[in-house]
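S.K.: Residue numbers (the numbering used here): 443 to 607. Just so it is clear, CB atoms sit at the ideal spot from N, CA and C, and this is done for glycine as well. Please see the structure below; I have some questions.
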Amino acid sequence: AAGDGELTVLRSAFFAQNFSEGALLDGVLGGELVFPAGSTSEPFVDAGDLADVVVAALCGEGGAGRVHELTGPRLLTFAEAAAEITRATGREVRYVAVTGPQYALMLAEFGMPEAEAGFLAELFAMLLDGHNATVTEGVKQALGRDTSSFTAFAAEAARSGAWDA
Numbered sequence: 443a444a445g446d447g448e449l450t451v452l453r454s455a456f457f458a459q460n461f462s463e464g465a466l467l468d469g470v471l472g473g474e475l476v477f478p479a480g481s482t483s484e485p486f487v488d489a490g491d492l493a494d495v496v497v498a499a500l501c502g503e504g505g506a507g508r509v510h511e512l513t514g515p516r517l518l519t520f521a522e523a524a525a526e527i528t529r530a531t532g533r534e535v536r537y538v539a540v541t542g543p544q545y546a547l548m549l550a551e552f553g554m555p556e557a558e559a560g561f562l563a564e565l566f567a568m569l570l571d572g573h574n575a576t577v578t579e580g581v582k583q584a585l586g587r588d589t590s591s592f593t594a595f596a597a598e599a600a601r602s603g604a605w606d607a
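What follows is the structure, encoded as structure tokens:
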């Protein structure tokens, strides 16, 4: 069981919820998602799936003492994610790709300290270099069920009012 000192590691892709309650929310609400991801694909994972894996590992229902690679069920570019949000909300949300330096400048113009803006731009360049463009079966292995889709996430977020301006 998890209480026996076993180390359980959860490694995940970008959370789908970054679009509804995180750093990307303002862009979604404004209809223009400006981000330095280019055309990189990401297997966005629902944070609820990650939470369910944590509970299962802590309660001894499986997965304790393992490394879990958690992703969503398919790869999407940020443009495709924006299109999913557009379909769910009925409002256009478009993705605008910018370079890391352009993103850092934009953040600085919004008042973020220059060093922090530069760090974030470098971090995103490292995270979004394509090395995460793989779908895993981690959620299914830990929980015995399919991973939640980005489409289902977007529909639920729209229903809940997360993107009501």
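1) Alpha carbon to alpha carbon, what distance is there between residue 459 and residue 579?
2) Our contact map puts residue 485 next to residue 567 with C-beta atoms below 8 Å; I'd like the distance itself, whole angstroms only.
3) Which residue or residues does DSSP assign as beta-bridge partners of residue 545?
4) DSSP state of residue 462, grouped into three classes?
5) Where does residue 552 land, buried or exposed, given buried means 16+ other C-beta within 10 angstroms?
6) Could you tell me whether the segment 493-510 touches the segment 522-529, where touching means 3 or more Cβ pairs closer than 8 Å?
7) Using 8 Å as the Cβ pair cut-off and three pairs as the minimum, do the segment 538-545 and the segment 589-604 touch?
8) In angstroms with no decimal places, state the Cα-to-Cα distance between residue 607 and residue 537.
9) Which of the three DSSP states, helix, strand or coil, is assigned to residue 597?
10) Enumerated in chain order, which unbroken segments of the beta strand (DSSP E) with a length of 3 residues or greater are wholly contained in the segment 536-584?
M.R.: So, to answer that:
1) 20 Å
2) Actually they do not touch by this definition, with Cβ atoms about 19 Å apart.
3) For residue 545, which the question treats as bridged, DSSP gives no partner whatsoever.
4) coil
5) exposed
6) no
7) no
8) 18 Å
9) helix
10) 536-539
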